[in-house]
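With numbering that gives the first Met the number 0 as the guide, the letters of the sequence shown map in order to residues 0 to 448. Cβ atoms here follow ideal geometry from the backbone N, Cα and C, with glycine treated the same way. This structure is a prediction, so every number in the text was calculated from the model and none was measured. Worksheet: one structure, shown below.
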Amino acid sequence: MNEVPPATALSNSLTPEVMESYWLPFTANRKFKRDPRLFSGAEGMYYTTTDGRRILDGMAGLWCVNAGHGQRKIIEAIKAQAEQMDYVSSFSMSHPIAFEFAHAIAQVTPGDLNHVFFANSGSEAVDTALKMARAYHRARGEPGRTRLIGRAKGYHGMGWGGLSVAGMSRHRRDFGPLLPEVSHLNHTHFPDKNAFSRGRPAWGAHLADELQQMMAIHDPSTIAAVIIEPVVGSGGVLPPPVGYLERLREICDRHGILLIFDEVITGFGRLGTAFGAELLGVLPDIVTCAKGMTNAAVPMGGVIVNQKVWDGFTAGPEGTIELFHGYTYSGHPLACAAGLATLEVHRDLDLYARTRRAAQRWEDTAHALKGDRHVIDIRNIGLLGAIELEPRAGEPGERGSEVNEMCFQEGILIRNTGDTLVLSPPLIIEDAEIDRIFDTIRNALKKVA
Ligand SMILES: Cc1ncc(COP(=O)(O)O)c(C=O)c1O
């Protein structure tokens with residue numbers, strides 16, 4: 000067990016004055032500080048709160064602690080690296096583990112997605128990928144290809160690029176003009192056609208044809224890339240309809256458009272394969288990743304490109320810098336050490352095969368809630384799940400928040416996107432824990448107004 004500092008020591012130091020300074024992201028700060036959720040320890044499937052409660056983590060932190068909390072091998076790797084070398088720049092210099100980690104990633108990616116650029120978060124990975132897409136076309140003599148196409152309900156982090164291609168109106172509303180030359184496809188969430196689908200909905204492949212239709216307005220020679228999450232995560236867990244991704248791929252190929260999969264959530268095992276592209280059987284040109292990449296123990300993001308994209312950047316003289324882009328902490332030694340150890344842990348645990356096995360029980364247990372009070376849709380793929388509740392009249396989102404809170408009181412951490420409960424547990428979850436999560440939700444649904 001990790002040492003958990005005594006709860007009283009931690010809470011006592013948090014006077015209102017001390018709590019005032021920290022501005023939490025995506026949080027109602029003033030309300031939160033009146034009744035804060037504070038955690039002090041984590042091990043395996045569980046968090047410990049500062050008041051000593053054990054909480055079953057139904058979210059893998061924030062879709063990221065895929066191998067479970069406190070993995071010793073990862074902790075030891077970070078410690079050892081911190082002792083050996085804390086930091087070195089990645090601008091025209093590096094360190095061996097960065098190469099080893101990039102190579103190890105390339106070994107688990109599908110197809111020829113085999114060149115890895117390091118960033119520090121999913122947001123940075125997405126902005127990097129979008130810049131790469133434009134720069135790729137420019138390098139190949141098509142500088143007019145600048146349009147970026149995202150999708151409604153998409154979430155691509157909080158950078159200006161990611162926000163511009165994202166499709167969640169509340170996230171975009173307050174920040175003034177975003178990137179020009181961005182268009183959006185419609186989402187694939189049509190409950191009247193595909194509610195209660197197990198895994199990928201059978202209906203909806205044709206929705207991809209909207210990309211072709213857009214070309215009546217935007218000439219294909221002006222389009223750089225399409226970016227989507229192969230499975231929408233934060234927007235409410237939406238697996239792609241059968242055949243949808245294939246069609247997008249086909250249209251992109253026909254018109255020389257790059258296809259980017261944002262695998263920040265689906266990367267590193269979430270669907271039972273190293274990357275979602277493998278399970279879904281469609282290869283993008285560029286993949287963004289983060290989260291599970293280091294088991295969330297050190298922040299890191301990455302962009303993985305295929306041979307075609309790499310070749311596009313490397314046609315010039317050897318002495319040219321291929322991409323005028325990078326971060327102080329790109330390829331940070333601690334993150335690379337954590338990442339390399341993470342992949343070892345995945346192998347040691349045979350985590351992807353284990354996830355595939357758990358996913359069957361996950362699906363059955365989730366869908367057993369069909370017919371329960373308030374439930375209007377249930378979605379799942381790999382170890383992702385969503386239970387969509389009917390919004391309470393005049394109070395959208397309230398029912399979802401209340402169920403979330405009731406589950407927390409019962410010792411289960413979940414999330415809600417409005418009235419959709421979303422689930423993404425560590426991939427080491429056991430059958431009894433799957434049952435407990437859905438039983439707790441079922442009980443909350445019986446009580447919630
Ligand atoms: C699909 C996707 N892309 C990008 C991001 C942004 O990642 P980060 O919060 O690490 O910047 C997220 C975060 O949830 C995500 O789910």
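| Check | Outcome |
| --- | --- |
| Mind listing, in chain order, the continuous alpha helix (DSSP H) runs of no fewer than 4 residues lying wholly within the region 381–412? | 397–408 |
| Can you tell me which residues form a DSSP beta bridge with Glu-42? | Tyr-45 |
| Expressed to the nearest angstrom, what Euclidean distance is found between the alpha-carbon atoms of Thr-319 and Met-92? | 15 Å |
| Do Ala-431 and ligand 1 come close, with the Cβ less than 6 Å from some heavy atom? | no |
| Skipping 5 residues on each side, what residues in its chain have a beta carbon closer than 7 Å to that of Glu-123? | Gly-158, Gly-300 and Tyr-326 |
| Ala-358 by DSSP, collapsed to three states: which one? | helix |
| Could you work out which residue in Pro-219, Val-286, Tyr-328 and Thr-313 is closest to Pro-298 when comparing CA atoms only? | Tyr-328 |
| Here's the rule I'm using: 16 or more other beta-carbon atoms within 10 Å means buried, otherwise exposed. How should Trp-62 be labelled? | buried |
| For Tyr-154, verify whether its CB is less than 6 Å away from any heavy atom of ligand 1. | yes |
| Is the beta carbon of Glu-228 within less than 6 Å of some heavy atom of ligand 1? | yes |
| I need the straight-line Cα distance from Gly-384 to Ile-303, nearest angstrom please. | 26 Å |
| Cα separation between Val-3 and Ala-76? | Summary for Val-3: the model assigns pLDDT 49, below 50, so the residue's position carries little reliability; its value from the coordinates is reported in the next sentence. Rounded to whole angstroms, Val-3 to Ala-76 spans 21 Å at the Cα level. |
| Can you tell me whether Ser-163 is buried or exposed, with buried defined as 16 or more other CB within 10 angstroms of its CB? | buried |
| Kindly indicate the opening and closing residues of the beta strand (DSSP E) around Thr-272. | Element bounds for Thr-272: n/a, residue is neither H nor E. |
| Looking only at C-alpha atoms, which of Ala-103, Gly-121 and Asp-50 sits nearest to His-114? | Ala-103 |
| Please give me, in chain order, every unbroken run of the alpha helix (DSSP H) with length at least 4 that falls completely inside the region 54–108. | 59–62, 71–83 and 95–107 |
| In the DSSP assignment, find the unbroken beta strand (DSSP E) run with Gly-300 in it and report its ends. | 300–305 |
| Pull up the distance between the alpha-carbon of Asn-1 and that of Leu-339, whole angstroms please. | Bear in mind that the predicted position of Asn-1 carries a pLDDT of just 48, short of 50, making it too unreliable to give a figure here. |
| Fully enclosed by the region 238–273, which beta strand (DSSP E) runs are 3 residues long or longer? | 257–261 |
| Can you tell me whether Ala-365 is helix, strand or coil according to DSSP? | helix |
| To which residues of the same chain is Arg-450 closer than 8 Å at the C-beta, ignoring the five residues directly before and after it? | Given a span of 0 to 448 for the chain in the structure shown, any question on residue 450 remains unanswerable. |
| Tell me the DSSP bridge mates of Ser-182? | Ile-148 |
| Which of the three DSSP states is assigned to Asn-379 in this structure? | strand |
| Should Ile-54 go down as buried or exposed, given a rule of 16 or more other Cβ atoms within 10 Å for buried? | buried |
| Is any non-hydrogen atom of ligand 1 found closer than 6 Å to the C-beta of Arg-263, if you look at the structure I gave you? | Before going on, a small fix: residue 263 reads as Val here, not Arg. Yes, since a heavy atom of ligand 1 falls inside the 6 Å radius drawn around the Cβ of Val-263. |
| Can you tell which of Tyr-21, Pro-176, Thr-439 and Leu-278 has the C-alpha that lies nearest to the C-alpha of Tyr-351? | Leu-278 |
| Could you tell me if the beta carbon of Gly-311 falls within a distance shorter than 6 Å of some heavy atom in ligand 1? | no |
| Would Gly-315 and Asn-65 be called neighbours here (beta carbons separated by less than 7 Å)? | no |
| Since Val-263 contacts Lys-290 with CB under 8 Å, what's their CB separation in whole angstroms? | 6 Å |
| Counting beta carbon pairs with one atom in the region 360–373 and one in the region 120–134, are three or more of them shorter than 8 Å? | no |
| Alpha carbons only, please: which of Trp-309, Asp-218 and Gly-69 is nearest the one belonging to Thr-145? | Asp-218 |
| Hey, Arg-378 and Val-286: beta-carbon distance below 7 Å or not? | no |
| DSSP three-state label for Phe-117, please. | strand |
| Would you give the residue range spanned by the beta strand (DSSP E) that Asn-294 belongs to? | Taken as a continuous stretch (DSSP letters only), Asn-294 belongs to no beta strand (DSSP E), as it is neither H nor E. |
| Tell me whether Gly-140 is buried or exposed, calling it buried when 16 or more other Cβ atoms sit within 10 Å of its Cβ. | exposed |
| What three-state label does DSSP hand Ile-320 in the structure shown? | coil |
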